[in-house]
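A.B. asks: Protein chains in written order, with our numbering: chain Z, 1 to 220; chain W, 221 to 440. We treat Cβ as the ideally placed atom computed from N, Cα and C, and that holds for glycine. From a predicted model like this one, the values you see are computed outputs, not experimental measurements. Pasting in a structure now, in structure tokens, and then I'll have a few things to ask.
Number of protein chains: 2
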Amino acid sequence: MRVLVAEDDDRIAETLNVSLTKAGFSVERERDGEAAWFRGDSETFDAIVLDLGLPQMDGLTILKRWRAAGRLTPVLILTARGQWEERVDGIEAGADDYVVKPFHVQEIVARLRALVRRANGLASSRIAFGKYLLDLRTMEVTADGVPMDLTPQEFKLVSYLVHRRGQVISQLEITEHIYNQDYERDSNAVEVLVARVRKRLGADVIRTRRGFGYALGDGY
Amino acid sequence: MRVLVAEDDDRIAETLNVSLTKAGFSVERERDGEAAWFRGDSETFDAIVLDLGLPQMDGLTILKRWRAAGRLTPVLILTARGQWEERVDGIEAGADDYVVKPFHVQEIVARLRALVRRANGLASSRIAFGKYLLDLRTMEVTADGVPMDLTPQEFKLVSYLVHRRGQVISQLEITEHIYNQDYERDSNAVEVLVARVRKRLGADVIRTRRGFGYALGDGY
DNA sequence: CGGTGGCCGTCAGCGTTCTGTAAGCTGGAA
DNA sequence: TTCCAGCTTACAGAACGCTGACGGCCACCG
């Protein structure tokens, strides 16, 4: 497990380094924002610990850039006590978790483990597709942070397609997965639903494979 | 906050039940190991108090199974005085904290609160959200030092939402975590409760995500 | 012991939003 | 051109959540 620690305070960084190493992570460290952004953008880590108050480039900016570039590496944010707006901003910018300073190192370790597990397992709580971000925690699909206001059924459909990205899925399969068992065989409910999603997210999001079913559009 | 107490001794269990309930937890209890394991595996609790000496299935086994299955619920272990090895084993098996019998109930309460807080990434027992301050010890919500006089149920709701800030929580989840097991399936108790909290703290505090559930409002 | 007040779940009614259905239309494939 | 899978639109019933009123329950108090 490779972790990037982006933290300018030497004392904190050293504490993290010791504990994380002991916990079996291999730790890389950067002290300024620009360097941190570059490494996070060009290398692959299993998780990143990101202090919001970095010199050169602000932590939030870094995070947003990564997310905009489609980097899905789990990010744990370090924020000063009581800066709750920062936390909210951080989450909206795409942080997967945050910890308030001063913190217990054990906590960071535990949370990093959880993040990595979640990211490796099937269930990451945030999935990017095209310009959209699907968040299972908030049950939201956003484009650049703007919520798309999907209804429950619409969300289910998108969510299902995204989870099976790259595959063509028949109407029957869709029906079975997003409806209860008491569905009507001959019903155009799915077609209508697809139309509704297209109206919200754009016609390209769902591609029709006439005679076979539907799939996420190219580039999604 | 929903807590599972896995304890075979009726007297101890009852003591815990009373104190934890008074402290704002909703308590579920199991007396034997197998039942405890099953419930901890299949339901979600915010914390678990686990006696190591349970009939049917040993506490350590239970804990290991939960951890092996990826259950991250904070677990506080009850262990007999002087059983030093048990404690070590417990920690290695994935316990988050332990208390030695005989114990002061206050200590359990305090430690449980700390566990729940830590599990949710909150450092202090006083948590700010928006202009409000939530104090878990006094069970009070204040705005600029002015108490908002929430009733116990109202406080539970707010507290739960704050602990899970950033997530959308379904009515079912809310019911499960702030009421005891004997809840009515079809009841609008939660809706009414939400309305009452909004009347006190302002309509924005709780956002409705129609068809999904509730979440703390933007900026909280 | 009876009265009072606060808490809280239930209920009925209402407005809003969601969603499946139906009916007619479109467009791609053969 | 024909045909049919899929699209579009309108609509009505269902689902959802909000509100105000009510009453049971319990603690407190005279």
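Exposed or buried, what is Z/ASP135 when buried is set at 16 or more other beta-carbons lying within 10 Å of its beta-carbon?
C.D. replies: What you label residue 135 of chain Z is simply residue 135 of the first sequence in a count that begins at 1. A buried status is given to Z/ASP135, since no fewer than 16 other beta-carbon atoms sit within 10 Å of its beta-carbon.
A.B. asks: Check for me: the alpha helix (DSSP H) holding W/ARG337 runs from which residue to which?
C.D. replies: Sequence index remark: in the second sequence, residue 337 of chain W carries index 117 (1-based). Here the alpha helix (DSSP H) through W/ARG337 covers 325 to 339.
A.B. asks: Beta-carbon separation of Z/MET139 and W/VAL388 under 8 Å?
C.D. replies: Counting from 1 along the first sequence, the entry for residue 139 of chain Z is found at position 139. Counting from 1 along the second sequence, the entry for residue 388 of chain W is found at position 168. Going by C-beta atoms, Z/MET139 is nearer than 8 Å to W/VAL388.
A.B. asks: For Z/ILE77 and Z/LEU50, which I take to be in contact (beta-carbon distance under 8 Å), what is that distance rounded to the nearest angstrom?
C.D. replies: Stepping through the first sequence from its first residue, residue 77 of chain Z is reached at position 77. Stepping through the first sequence from its first residue, residue 50 of chain Z is reached at position 50. Their Cβ separation, rounded to whole angstroms, is 5 Å, which keeps Z/ILE77 and Z/LEU50 in contact under 8 Å.
A.B. asks: Could you tell me the boundaries of the beta strand (DSSP E) in which W/ASP497 lies?
C.D. replies: Residue 497 of chain W falls outside the range modelled here, since chain W spans only 221 to 440, and no answer is possible.
A.B. asks: When burial is assigned at 16 or more other CB atoms within 10 Å of the CB, is W/ILE398 buried or exposed?
C.D. replies: For the purposes of this step, residue 398 of chain W is identified with residue 178 of the second sequence, where counting begins at 1. Buried, by the Cβ-count rule.
A.B. asks: Starting from the C-beta of Z/ALA47, find all residues in its chain whose C-beta is less than 6 Å away, skip the five residues before and the five after it, and write them out in chain order.
C.D. replies: On the first sequence, position 47 is the one that residue 47 of chain Z refers to. So the list reads VAL3, PRO74, LEU112, LEU115, VAL116, once near-sequence residues are dropped.
A.B. asks: Under 8 Å, Cβ to Cβ, is there at least one residue of chain W near Z/GLU7?
C.D. replies: Residue 7 of chain Z sits at position 7 when you count from the first residue of the first sequence. Chain W contact via Cβ: absent.
A.B. asks: State the start and end residues of the unbroken alpha helix (DSSP H) segment that holds W/GLY279.
C.D. replies: Within the second sequence, the letter at position 59 stands for residue 279 of chain W. Looking at the DSSP string, the run of the alpha helix (DSSP H) that includes W/GLY279 is 279 to 288.
A.B. asks: Which class does W/LEU296 belong to by DSSP, given the choice of helix, strand or coil?
C.D. replies: Reading the second sequence from its first residue, position 76 is the one you call residue 296 of chain W. W/LEU296 falls in the strand class under three-state DSSP.
A.B. asks: On a Cα-Cα basis, can you pick out the residue from W/THR299, W/GLY386, W/PRO367 that is closest to Z/ARG126?
C.D. replies: Your numbering for residue 126 of chain Z matches position 126 in the first sequence. Taking Z/ARG126 as reference, the option from W/THR299, W/GLY386, W/PRO367 with the minimal CA-CA separation is W/GLY386.
A.B. asks: Is there a C-beta anywhere in chain Z that falls below 8 Å from the one on W/PHE432?
C.D. replies: Within the second sequence, numbered from 1, the residue matching residue 432 of chain W stands at position 212. Closer than 8 Å to some Cβ of chain Z, the Cβ of W/PHE432 qualifies, so yes.
A.B. asks: When you compare the CB of W/GLN387 with every CB in chain Z, is at least one pair closer than 8 Å?
C.D. replies: The residue you call residue 387 of chain W lines up with position 167 of the second sequence. The Cβ of W/GLN387 sits closer than 8 Å to at least one Cβ of chain Z.
A.B. asks: Along the chain, where does the beta strand (DSSP E) containing Z/THR142 start, and where does it finish?
C.D. replies: One-based indexing of the first sequence puts residue 142 of chain Z at position 142. It spans 140 to 143 - the beta strand (DSSP E) in which Z/THR142 sits, taken as one unbroken run.
A.B. asks: Work out the CA separation of Z/ASP32 and Z/ASN17 for me, nearest whole Å.
C.D. replies: What you label residue 17 of chain Z is simply residue 17 of the first sequence in a count that begins at 1. What you label residue 32 of chain Z is simply residue 32 of the first sequence in a count that begins at 1. One C-alpha to the other measures close to 16 Å.
A.B. asks: For Z/ARG198, name the three-state secondary structure that DSSP assigns.
C.D. replies: Taking the first residue of the first sequence as position 1, residue 198 of chain Z is located at position 198. Here Z/ARG198 sits in helix by DSSP.
A.B. asks: Select from Z/GLY213, Z/GLU43, Z/LEU201 the residue whose C-alpha is nearest the C-alpha of Z/VAL146.
C.D. replies: The residue labelled residue 146 of chain Z in the question sits at position 146 within the first sequence. For Z/VAL146, the nearest C-alpha among the options comes from Z/LEU201.
A.B. asks: Below 8 Å between beta carbons: does that hold for W/GLU248 and W/GLN276?
C.D. replies: By one-based count along the second sequence, residue 248 of chain W stands at place 28. By one-based count along the second sequence, residue 276 of chain W stands at place 56. Not closer than 8 Å, so no.
A.B. asks: With DSSP run on the structure shown, which of helix, strand or coil describes W/VAL320?
C.D. replies: Position 100 of the second sequence, counted from the first residue, corresponds to residue 320 of chain W. Note: W/VAL320 maps to strand in three-state DSSP.
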